[in-house]
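Residue numbers (this note's numbering), protein chains in the order written: chain R, 1 to 396; chain G, 1 to 379.
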Ligand SMILES: Cc1cc2nc3c(=O)[nH]c(=O)nc-3n(C[C@H](O)[C@H](O)[C@H](O)COP(=O)(O)OP(=O)(O)OC[C@H]3O[C@@H](n4cnc5c(N)ncnc54)[C@H](O)[C@@H]3O)c2cc1C
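Below is the structure:
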């Protein structure tokens, strides 16, 4: 047992840190601190900076254009990015569809799509959920009918994050309505610029726009865009969910949020002293810090297993549950720390010369709190994650 | 023991509810809160005509001389429909402070106009750095031969953008945190910018209400309510009444959320059955119900004790406020959770109730603040 990172890992951390220090534009870091819904250009700008360094797909093996890092290196990288307030990496290409393509795709698909994912020339979105199929994803109804060397796709996807920026969507469709629910599903790559694809925004409770509805109306998709075998889409979808399990705890961003929470509580006053010195508030911060510490070391234990080449099983659902609860707790406490200044809710456009209402550190706290209510809903709701653990881990 | 409403009270509750159902559905609410004003003058006029603005006002001021329970019934329905008109600021705080601290002439001059819907008021008390401590006031009131002037900054003054008059809690004597030395100063706020010596910065809040930060720079005072150096007893009494109002408003919002969520759980199907058939969802809805009922009990207690002796009144208000905060968060958050993705959309009322409940938790001190206050009062 050894709690310390190795000398090589520490050197790697230094390398990442100094690269970020020198290349992350301060204005972008500032915007990331204050906003959830960044503009497309912001995400792309940061991705391209990383790409130029060879880090466009930090989780990928070298043969496909990744740096070939170990799970521990990826963890360190995430931590350094979060600490510097770098924009989050858009997961749909590099974490989701990319690994599916290099694991199950044809050579032609690999050649066509992988380099464009690494460079972010394509923006992908995830077309799984439908109005009638959320937790019960296998009941999805979007149909893909064979027509020569094409599929004709009809259906309605919903909650599609960043579809408004995307030119490509990986999509679960039903190719065999007669088969059992899981067996009739296929995994298709759809060009969002094709006729028949229509994106409609959904405004969320924080008044931002990240999620959408996507309507598919007689969209002709070449059969060359089918991943793997027809009817095996569910397997690929599950592979995708199981991938990168140890990243879902969001420990690094939560540590950064904790630090910011303490900064706010140091600046805010309560009874003539900093709020952080208020025993009640301090106890609440300590409680969540302990939760986070427990999560961090649970995550590291699983990470070490992953690093040693042992697969991480369904117990990784714990990371999703605790990680999302902690994110929600932190964003909530940050709003509480602001007292009355949690209330003003005006969106200033970029470069506005109007001063904000309240202190700078208040900007974006409420937006984060509100949007993070979704962390216990998406990616398999926490109720579903608990069902998974009960069944798969505990055998109940 | 009798928790029954009188016949008149039942009638009042029913008529408020039916008007709101008719005129204040969610679609209308969404349009109304997006206007500059954030509510409508027409509704305000109707509320005056229906006698709602005068429920708590004395009969000699043209009011109905109603009880705290009458106000509670109104508040609960206002919460259920997220009524955005500045009732709380004008009637509960404005008229409340005038009644509690003003002299006979001031009451005669101002209260009837409030009941008739002709004057709107707002109460400026909060300051950045004071968190929720009412007595921690750095805004200064200074008397000269020309009368009183105010200097300092107030933050998040609810409904100030459309108020004609502001009541400002300011310090005429003593140190920053002294209970003594505070007064209630009336400032003319009818001009768009705020008037002489008053710089208002108006904004929208997360629950789609309107508020302002207000900078006073030797702003002339129109009148002083009561003793310029001993306003705290009146302020605390009115704030406790206001808490009873907010607690009832929160009960209305929570009850609406619980009903909506229950209905959703019965109709939304996943895995071939209503999600309400899953035990974890059933327990969640039961927990939500218990939170609503606890909040209802303490809101009632706070209303019934609104005129009790100060310590008893304060304990009941503090307890209700703690429950409001805790229950409001739980019910709001779980309503979103059980709705899944749908709960995250701005188009549903669910998130709007959740946001309103957060602001009710914050206003006049959150659950932590009042838990501490309760602890200090309890033997
Ligand atoms: C902000 C956001 C971004 C998203 N991004 C994407 C995206 O990019 N692509 C995509 O495809 N999808 C996306 N989703 C959709 C997300 O995956 C679904 O919202 C999620 O799967 C839940 O489905 P639902 O919303 O239909 O809720 P439902 O499945 O209807 O669930 C409603 C409630 O019932 C509970 N429930 C359901 N079944 C059970 C059960 N068996 N036992 C106990 N409780 C149960 C749920 O936990 C939830 O609380 C996103 C959602 C959000 C909110």
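Ideal placement from N, C-alpha and C gives every residue a C-beta, glycine not left out.
Keep in mind the model is a prediction, meaning the values are calculated, not measured.
Let's see if you can read the secondary structure: which residues bound the beta strand (DSSP E) around residue i?
i              : result
residue 381(G) : Outside the shown range of chain G, which is 1 to 379, sits residue 381(G), and nothing can be said about it.
residue 19(G)  : Per DSSP, residue 19(G) belongs to no beta strand (DSSP E); it is in the alpha helix (DSSP H), 7 to 23.
residue 165(G) : 165 to 171
residue 145(R) : 143 to 147
residue 37(R)  : Unbroken run through residue 37(R): none, as it is neither H nor E.
residue 149(G) : 147 to 158
residue 111(R) : Counting along the chain, residue 111(R) falls outside any beta strand (DSSP E), though it belongs to the alpha helix (DSSP H) covering 107 to 118.
Go to residue i, then tell me how far its alpha helix (DSSP H) extends in each direction, as first and last residue.
i              : result
residue 90(G)  : Where residue 90(G) is concerned, there is no enclosing alpha helix (DSSP H), given that its DSSP letter is neither H nor E.
residue 73(R)  : 71 to 83
residue 192(R) : Element bounds for residue 192(R): n/a, residue is neither H nor E.
residue 29(G)  : 26 to 34
residue 131(G) : That residue, residue 131(G), is in no alpha helix (DSSP H); it is neither H nor E in DSSP.
residue 233(G) : 232 to 267
residue 49(R)  : 40 to 52
residue 4(G)   : Per DSSP, residue 4(G) belongs to no alpha helix (DSSP H) and is neither H nor E.
residue 253(R) : 251 to 267
residue 20(R)  : 7 to 23
residue 297(R) : 279 to 307
residue 384(R) : 382 to 388
residue 353(G) : 349 to 362
residue 390(G) : In this structure chain G extends from 1 to 379, so residue 390(G) is not present and cannot be described.
residue 294(G) : 279 to 304
residue 337(G) : 310 to 339
residue 324(R) : 317 to 337
residue 367(R) : 365 to 371
residue 43(G)  : 41 to 49
residue 100(R) : 98 to 104
Would you mind working out which of the options sits nearest residue i, comparing C-alpha positions?
i              : options                           : result
residue 47(G)  : 152(G), 100(G) and 12(G)          : 12(G)
residue 323(R) : 58(R), 297(R), 304(R) and 36(R)   : 297(R)
residue 123(R) : 280(R), 142(R), 98(R) and 143(R)  : 98(R)
residue 145(R) : 137(R), 120(R), 261(R) and 177(R) : 177(R)
residue 337(G) : 79(R), 189(R), 227(R) and 378(R)  : 378(R)
residue 248(G) : 66(G), 78(G), 60(G) and 15(G)     : 78(G)
residue 147(R) : 224(R), 261(R) and 108(R)         : 224(R)
residue 39(R)  : 163(R), 332(R) and 320(R)         : 163(R)
residue 387(G) : 186(G), 206(G) and 161(G)         : Because chain G is modelled from 1 through 379, residue 387(G) falls outside the range shown and cannot be assessed.
residue 251(R) : 228(R), 222(R), 263(R) and 318(R) : 318(R)
residue 237(G) : 108(G), 98(G) and 58(G)           : 98(G)
residue 190(R) : 214(R), 301(R) and 63(R)          : 214(R)
residue 380(G) : 293(G), 262(G), 339(G) and 274(G) : Any question about residue 380(G) goes unanswered here, given that chain G covers just 1 to 379.
residue 159(G) : 134(G), 123(G) and 170(G)         : 123(G)
residue 244(G) : 315(G), 197(G), 198(G) and 165(G) : 315(G)
residue 241(R) : 209(R), 316(R), 70(R) and 326(R)  : 316(R)
residue 179(G) : 3(G), 221(G) and 133(G)           : 133(G)
residue 47(R)  : 37(R), 167(R) and 23(R)           : 23(R)
residue 231(G) : 246(G), 169(G) and 240(G)         : 169(G)
residue 372(R) : 396(R), 88(R) and 331(R)          : 331(R)
residue 69(G)  : 154(G), 313(G), 299(G) and 318(G) : 299(G)
residue 132(R) : 352(G), 342(G), 354(G) and 375(G) : 342(G)
residue 260(R) : 199(R), 338(R), 302(R) and 294(R) : 338(R)
residue 421(R) : 349(G), 203(G), 291(G) and 302(G) : Coverage of chain R is limited to positions 1 through 396, which leaves residue 421(R) absent and any answer about it impossible.
residue 275(R) : 373(G), 306(G) and 131(G)         : 131(G)
Any heavy atom of ligand 3 within a distance shorter than 8 Å of the CB on residue i?
i              : result
residue 135(R) : With respect to ligand 3, the structure shown offers nothing to examine, as its ligands consist of ligand 1.
Any beta carbon from chain A within less than 9 Å of residue i's own beta carbon?
i              : result
residue 281(R) : Structure shown: chain A not included; protein chains present are R and G.
request  = Please list the residues of the segment 117 to 138 of chain G that have a C-beta atom closer than 8 Å to any C-beta atom in chain R, keeping them in chain order.
outcome  = 126, 128, 129, 130, 131, 132, 133 and 136
ask   = Any chance the segment 247 to 265 of chain R sits against the segment 116 to 127 of chain G, with 3 or more Cβ pairs inside 8 Å?
value = no
inquiry  = Three Cβ pairs or more, each shorter than 8 Å: is that satisfied between the segment 212 to 221 of chain G and the segment 263 to 271 of chain G?
reply    = no
Selection of the segment 270 to 300 of chain G by Cβ proximity to chain R, strictly under 7 Å = 270, 271 and 280
ask   = Listed in chain order, which residues of the segment 289 to 323 of chain R have Cβ atoms closer than 8 Å to some Cβ of chain G?
value = none
key: Cβ contact (3+ pairs, closer than 8 Å) linking the segment 102 to 112 of chain G and the segment 145 to 153 of chain G   = no
ask   = Looking at chain R, which residues of the segment 303 to 333 of chain G have a Cβ within less than 7 Å of any of its Cβ atoms?
value = 333
message = Taking contact to mean 3 or more Cβ pairs, one atom from each stretch, closer than 8 Å, check whether the segment 315 to 332 of chain G and the segment 281 to 299 of chain G are in contact.
response = yes
request  = Return the residues of the segment 187 to 218 of chain G that lie within a Cβ-Cβ distance of less than 7 Å from chain R, sorted by chain order.
outcome  = 201, 203, 204, 205, 206, 211 and 213
query = Using Cβ-Cβ distances below 7 Å, what residues of the segment 26 to 46 of chain G are close to chain R?
reply = none
query = So does the segment 357 to 371 of chain R actually touch the segment 24 to 43 of chain R, counting three or more Cβ pairs closer than 8 Å?
reply = yes
inquiry  = Is it the case that the segment 62 to 73 of chain R contacts the segment 4 to 24 of chain R, given that we only count it when at least three CB pairs across the two stretches are under 8 Å?
reply    = yes
query = Quick one, which residues of the segment 366 to 377 of chain R are near chain G if we go by CB-CB under 7 Å, in chain order?
reply = 366, 373, 374, 376 and 377
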